[in-house]
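Structure record follows, encoded as structure tokens.
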Amino acid sequence: MSNNFRMFFKLQELSINLIQAQKTKTIVTHDATNTEIFNESITLELKKFRFEQLISNQHSRQAQLKQITHIKRT
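Each residue of the sequence shown is one higher than the one before, starting from 57 at the first, in this note's numbering.
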């Protein structure tokens, strides 16, 4: 098997592992480097999710304030 095929299958295996890790938030691997990469990826996904929640909450608060301000003016 050529190096390209080996690399392709390894990348495919890593992609599947990453998807499973993101679903379960648990990683089972013997390779410390892969574990660090997966952990970092999960951490970034969680940070992104939390950031999106904060933005959504901020938009909701702004909308509520606009409604309150409108009610007070009328």
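The beta-carbon is built from N, C-alpha and C at its ideal position, and this holds for glycine as well.
- The C-alpha of Arg-117 lies about 57 Å from the C-alpha of Ser-58.
- The straight-line gap separating the alpha-carbon atoms of Asn-95 and His-115 is approximately 30 Å.
- Per the coordinates, the alpha-carbon of His-126 lies some 11 Å from the alpha-carbon of Ala-119.
- Less than 8 Å separates the beta-carbon of Ser-97 from that of Leu-74.
- Beyond the five residues adjoining it in sequence on each side, Phe-64 comes within less than 6 Å, by CB distance, of no other residue in the same chain.
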